[in-house]
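Have a look at the structure below before the remarks.
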Amino acid sequence: MARAKKYQTVKELIFWSYANLAMAHTAVERKQEKYNTFNYVIRAKLFKGLKDETMNMRTIFDDEKIKLQTGQICNYCGSCKKLTLDHIFAQKSGGKDDAENLIFACTSCNSSKGKKDLMEWMSYRGEFLPLMIIRRYLKLVFKFCSDNGLLQTQIEEITEMKLPFKVEYIPTKYPKPNELKLNAEAK
Ligand SMILES: [Zn+2]
Numbered sequence: 040m041a042r043a044k045k046y047q048t049v050k051e052l053i054f055w056s057y058a059n060l061a062m063a064h065t066a067v068e069r070k071q072e073k074y075n076t077f078n079y080v081i082r083a084k085l086f087k088g089l090k091d092e093t094m095n096m097r098t099i100f101d102d103e104k105i106k107l108q109t110g111q112i113c114n115y116c117g118s119c120k121k122l123t124l125d126h127i128f129a130q131k132s133g134g135k136d137d138a139e140n141l142i143f144a145c146t147s148c149n150s151s152k153g154k155k156d157l158m159e160w161m162s163y164r165g166e167f168l169p170l171m172i173i174r175r176y177l178k179l180v181f182k183f184c185s186d187n188g189l190l191q192t193q194i195e196e197i198t199e200m201k202l203p204f205k206v207e208y209i210p211t212k213y214p215k216p217n218e219l220k221l222n223a224e225a226k
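Quick note: to get our numbering, add 39 to the position in the sequence shown (first position is 1).
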């Protein structure tokens, strides 16, 4: 028997990615080399809680605090040189010119990312970005879908739409915790 898919709508996909991210976050904080049963329980509880609305993705405010604490370094690679402001959702594809959508990035990361969606760029780089950046991105996707009445849209349908993000690149699997970091480290 084929296993039922965990996510059908874009909302479920965001929640699944977010629950995996939260699991990875805990494991990285505990300096684990791999995931254990405790981590999988957290993921399952959070995913269920998000779906039945007993839990929620915390607001982007937490991420704004992190942004201030991180200071002026490239949020992608940690470089302190030649910083610019990068729009997480590219302006060309409808990203807004506001604080939630802006982070510091070095010119090298900025030009490598170009017009690509952030997760598309991550997949192209072949290396995961710091988890806090992915978290901010997922919150932006959630907010956009919520504001535009898209949360219940089927994934196949949303893939066809022209949006500031590309749903097909939202990570549904995260690497082992020892291959991840929470924030970029200044270098
Ligand atoms: Zn950089």
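By construction, the Cβ of each residue, glycine as well, lies at the ideal position given by its N, Cα and C atoms.
Determine whether the beta carbon atoms of residue i and residue j lie at a separation below 8 Å.
{"i": "I173", "j": "Y115", "result": "no"}
{"i": "K152", "j": "D125", "result": "yes"}
{"i": "I194", "j": "T48", "result": "yes"}
{"i": "Y282", "j": "M96", "result": "Past the edges of the chain, shown from 40 to 226, lies residue 282, and the structure says nothing about it."}
{"i": "G133", "j": "P203", "result": "yes"}
{"i": "E139", "j": "Y208", "result": "no"}
{"i": "Y46", "j": "M62", "result": "no"}
{"i": "L122", "j": "P169", "result": "no"}
{"i": "V206", "j": "L52", "result": "yes"}
{"i": "C148", "j": "C119", "result": "no"}
{"i": "C184", "j": "K50", "result": "yes"}
CB of residue i to nearest heavy atom of ligand 2: below 7 Å?
{"i": "S56", "result": "With respect to ligand 2, the structure shown offers nothing to examine, as its ligands consist of ligand 1."}
Can you give me the Cβ contacts of residue i inside the same chain, cut-off strictly under 6 Å, excluding the 5 residues immediately before and after it?
{"i": "D102", "result": "R175"}
{"i": "A129", "result": "K154"}
Just verifying my parser: in three-state terms, what is the DSSP assignment at residue i?
{"i": "R174", "result": "helix"}
{"i": "F100", "result": "helix"}
{"i": "T211", "result": "coil"}
{"i": "L219", "result": "coil"}
{"i": "L202", "result": "coil"}
{"i": "T192", "result": "coil"}
{"i": "E139", "result": "helix"}
Between residue i and residue j, how many whole angstroms is the CB-CB distance? I'm expecting something under 8 Å.
{"i": "I127", "j": "L179", "result": "6 Å"}
In chain order, what residues of the same chain have a beta carbon less than 7 Å from the beta carbon of residue i, not counting five sequence neighbours either side?
{"i": "F54", "result": "F86, L89, K90"}
{"i": "K106", "result": "I142"}
{"i": "N217", "result": "E72"}
Tell me which same chain residues have a C-beta within less than 8 Å of the C-beta of residue i, skipping the five on either side of it?
{"i": "R164", "result": "S151"}
{"i": "K212", "result": "N59"}
{"i": "K131", "result": "K154"}
Problem - Validate contact between the region 190-209 and the region 68-75 using beta carbons, cut 8 Å, 3 pairs - result: Contact between the region 190-209 and the region 68-75 is absent: fewer than three C-beta pairs spanning the two stretches fall below 8 Å.
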